[in-house]
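Chain order of the listed sequences is A and B.
The opening residue of the first sequence carries number 21 in our numbering; numbering runs sequentially from there.
The opening residue of the second sequence carries number 15 in our numbering; numbering runs sequentially from there.
Notes for the one structure printed next.
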Amino acid sequence: MMEYHSVPPVENWEKLGRFIFSRNHIRGDGTIRWHAFKPPSDGGMSVIRLREIKDHEVWAIGKRIAAGREVNLYGRGDFGVQDCLDVGLGVKAVPLEENPNHAEVLGWPGERESVMAAAQVLAKRAVLARFPG
Amino acid sequence: MTEILPTTGVSEEAEFLRQERMEDLRRSLEVVSPGLKAIQDELIGVWQECSRPGWDGYEARPLGEAALSEAFQFIQGLPWEFMPHSVSGEPGGGVNLEWYRSPNWLLDVVLAGEGKIFFSALLGERRLRGVEPLQEELPEILQNLIRRVLSG
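The following block contains the structure:
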């Protein structure tokens, strides 16, 4: 895991993970629906940077988030920073003490249908990693 | 339709009201085919699952009654061969209907209780999105998109 006080800036080659807490966000064929990548109305979409972190550490963070929000962890969608750039979005490191690898996907459009379109592309390119727990 | 009751609370009373509201909706539905009934049942299940704030583990809004009513209206007006492949809650509080052939060929429609149909489609390398008014007849652009997704 990264050090909270010295996280490096996000680089284009990095991989990101978006935790999935709703089973309806995963299709029967293992692909991911766009709503797993819908941002909040007033901010960036939370993701975890998958560099400098072990897989079990990633799942530990996901489990902790799920427990705090009283939801189930089903998996995560792994995609690239470049995928965000390809649809006009940006990624910014937003380290948290409990999760220094935390980042946000920013620059979402204002129109609902445009958000859907960008999220559909991210969902299409994302690879599902099912929660092994 | 019976009076819309506040059902977004988290108390036992709110949950009871929500269950009552679902039963009212079930009784009011005009069932014309087993396929339509299956989708309608799925809608009610989605409403139950997406009824509390943060149901997606993030900032999801509860699925709104107006969105649910629009979804019922929209689905009841569809020809049977145009029935969506899946129904799900959309984190903005709307209902998402999906027609899906592959990750590169799909159409998502969101009904959010605003009298509009929000849609976005992936058609191979092409992307198409827009907004149409929610009316009795399915807009031609959506008819064409559904046909393209289903037939390729």
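Don't be surprised by glycine CBs; every beta carbon is placed ideally from N, CA and C.
So, for residue i: in the same chain, excluding its five sequence neighbours on each side, which residues have a beta-carbon less than 7 Å away from its beta-carbon?
i	result
Lys83 of chain A	Leu93, Gly153
Leu105 of chain A	Asn32
Glu150 of chain B	Gly91
Gly68 of chain B	Ala74
Mind checking which residues open and close the beta strand (DSSP E) that includes residue i?
i	result
Val147 of chain A	147-150
Leu121 of chain B	119-125
Glu146 of chain B	140-147
Quick one: give me the first and last residue of the alpha helix (DSSP H) that residue i is part of.
i	result
Glu154 of chain B	154-165
Trp79 of chain A	75-89
Leu105 of chain A	101-106
Phe88 of chain B	79-90
My assumption, with CB atoms under 8 Å, is that residue i sits in contact with residue j. Please give the rounded CB distance.
i	j	result
Val67 of chain A	Val125 of chain A	6 Å
Glu133 of chain A	Tyr24 of chain A	Not a contact, Cβ separation roughly 38 Å.
Arg96 of chain A	Phe39 of chain A	5 Å
Gly78 of chain B	Gly107 of chain B	5 Å
Val5 of chain B	Ala81 of chain B	One cannot answer for residue 5 of chain B here, as it falls past the ends of chain B, which runs 15 to 166.
Gly100 of chain A	Lys35 of chain A	6 Å
Which residues in the same chain as residue i place their Cβ atom closer than 8 Å to its Cβ, once the five residues preceding and following it in sequence are excluded?
i	result
Arg89 of chain A	Phe41
Pro117 of chain B	Leu136
Ile53 of chain B	Ile89, Met97, Pro98, Val101
Gly29 of chain A	Rather than Gly, the amino acid found at residue 29 of chain A in this sequence is Pro. For Pro29 of chain A, where only same-chain residues beyond five positions count, the Cβ hits under 8 Å are Ala113.
Give the interface partners of residue i over in chain A, defined as CB-CB distance under 7 Å, in chain order.
i	result
Glu73 of chain B	Pro60
Pro105 of chain B	His55, Lys58
Considering only residues of the same chain and omitting the five flanking positions on each side of residue i, which have a CB-CB separation below 6 Å?
i	result
Arg143 of chain B	Ser134
Against residue i, what residues of chain B qualify as contacts under a CB-to-CB distance less than 7 Å, listed in chain order?
i	result
Glu133 of chain A	Phe132, Phe133, Ser134, Arg143, Gly144, Val145
Which residues in chain B sit within 8 Å of residue i, going by Cβ to Cβ distance?
i	result
Gln140 of chain A	Leu120, Asp122, Ser134, Leu136, Arg141
Applying a beta-carbon distance threshold of less than 9 Å, which residues of chain A neighbour residue i?
i	result
Asp55 of chain B	Result: empty, since nearest Cβ-Cβ is about 15 Å, beyond 9 Å.
Ser102 of chain B	Ser42, Asn44, His45, Arg53, His55
Starting from the beta carbon of residue i, find every residue of chain B whose beta carbon is closer than 9 Å, and list them in chain order.
i	result
Lys112 of chain A	None at all; the shortest Cβ gap to chain B is about 18 Å.
Subject >> Members of the stretch 129-156 of chain B near chain A, C-beta cut-off 7 Å >> reply: Phe132, Phe133, Ser134, Leu136, Arg141, Arg143, Gly144, Val145
Subject >> Residues within the stretch 77-92 of chain A neighbouring chain B, beta-carbon criterion of under 8 Å >> reply: Ile85, Ala86, Arg89, Val91
Original post:
Going along the stretch 93-107 of chain A in order, which residues come within less than 9 Å of chain B, judged by CB to CB distance?
Top reply: Leu93
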